[in-house]
Each structure stands twice: as structure tokens, then as C-alpha cells.
Amino acid sequence: MQLLTQTQAKLYSPLALAFLGDSVYEVLVRQYLLLQANQPASKLHEKKVQLVCAAFQAKAAERILPQLTEDELAVYKRGRNANNTIPRHTSAQDYHRATGLECLFGFLYLIGAQARMETLFAAMMGDEE
Numbered sequence: 011m012q013l014l015t016q017t018q019a020k021l022y023s024p025l026a027l028a029f030l031g032d033s034v035y036e037v038l039v040r041q042y043l044l045l046q047a048n049q050p051a052s053k054l055h056e057k058k059v060q061l062v063c064a065a066f067q068a069k070a071a072e073r074i075l076p077q078l079t080e081d082e083l084a085v086y087k088r089g090r091n092a093n094n095t096i097p098r099h100t101s102a103q104d105y106h107r108a109t110g111l112e113c114l115f116g117f118l119y120l121i122g123a124q125a126r127m128e129t130l131f132a133a134m135m136g137d138e139e
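In the working numbering, the protein residues as written are 11 to 139.
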């Protein structure tokens with residue numbers, strides 16, 4: 011995969027970054043759950059659903075905000091403030107925060123900041139050292 015510079019990655023719309031970040035975040039969650047214990051796929055799926063919902067992502071985003079750099083915070087805010095249709099099953103505030111988080115993860119993925127994504131994800135899961 012061709013990595014982008016931060017300047018290039020910032021040219022993408024926040025919702026396009028969130029589109030990518032949604033899948034990046036889900037892969038991190040699936041890996042995290044799989045490494046916790048060898049469980050049936052149905053159990054893994056149940057746990058995954060709890061960690062990828064907007065309410066959990068919103069709380070996780072709030073947890074890592076103090077750790078974000080100025081550039082990362084700007085990307086998060088672009089995603090959080092993007093106009094998007096809110097699903098009925100979640101609050102607007104949670105959905106916007108979750109979109110901000112997904113935008114950040116899409117951005118970090120595009121610039122090849124794997125270690126940074128893993129550090130932030132660990133902090134979100136309460137695994138920071």
C-alpha cells in the first residue's frame with residue numbers, strides 16, 4: 011500500500027476517512043478479542059458488536075482525547091463535526107464522536123502510523139502501560 015503524507019491524507023473528506031477508519035477500527039477490535047481467548051465465533055461476534063457501537067466508540071474517544079497530538083485532535087474534530095445522517099439507534103452526540111474516532115483511525119492508517127493506532131487502541135481498551 012502506498013502511504014500518504016499527512017498533507018495528502020488531510021485532503022480527504024472526514025467522512026471518507028471515517029469510511030476507511032471504520033474498517034480499520036473493526037479489524038483492531040477483532041484482533042484484540044481473538045487474542046484475549048480462543049472462543050467460538052458467535053461469542054467473538056457478540057463481544058465485537060459491543061465494542062464497535064457508537065456509544066462505546068464515543069466513550070473510547072473521550073478517553074484518548076488528552077493523549078492526541080494537535081494534528082490528531084484536528085483530524086478527530088473534523089470527523090466529529092462532519093455532517094452525517096444519524097441512525098435512530100444512537101444519540102447524535104455519540105454518533106458524531108464515533109465518526110471523529112473513525113476519521114482519526116482512517117487518517118492514521120493512510121499515513122502508516124500503525125504503532126500510534128495500536129497505542130491509542132490500547133488506551134481505549136484500558137490496556138495502556
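The C-beta atom is built at its ideal place from N, Cα and C for all residues, glycine as well.
These numbers were taken from a predicted model, which means no experiment stands behind them.
- Within the same chain, and ignoring the five residues on either side of L120 in sequence, the residues whose Cβ sits closer than 6 Å to its Cβ are L14, A19.
- Residue range 51 to 62 is occupied by the alpha helix (DSSP H) that includes K53.
- Apart from sequence neighbours up to five positions away, the residues of its chain that approach L130 with a beta-carbon distance below 6 Å are I74, ordered along the chain.
- With fewer than 16 other Cβ atoms from the protein chains shown falling within 10 Å of its own Cβ, P76 counts as exposed.
- For G110, the three-state secondary structure derived from DSSP is helix.
- By a beta-carbon distance limit of 8 Å, Q67 contacts R107. Their separation comes to about 7 Å.
- By the CB criterion at 8 Å, G116 and G31 fall inside the cutoff.
- With respect to D104, A133 sits apart: the two C-beta atoms are not nearer than 8 Å.
- A Cβ-Cβ contact shorter than 8 Å links N94 with L25.
- If you draw a straight line from the Cα of L27 to the Cα of V62, it is about 17 Å long.
- In this structure, the CA atom of L43 is about 15 Å from the CA atom of S33.
- For G89, the enclosing alpha helix (DSSP H) covers residues 80 to 90.
- Per DSSP, the unbroken alpha helix (DSSP H) holding G31 starts and ends at 24 to 46.
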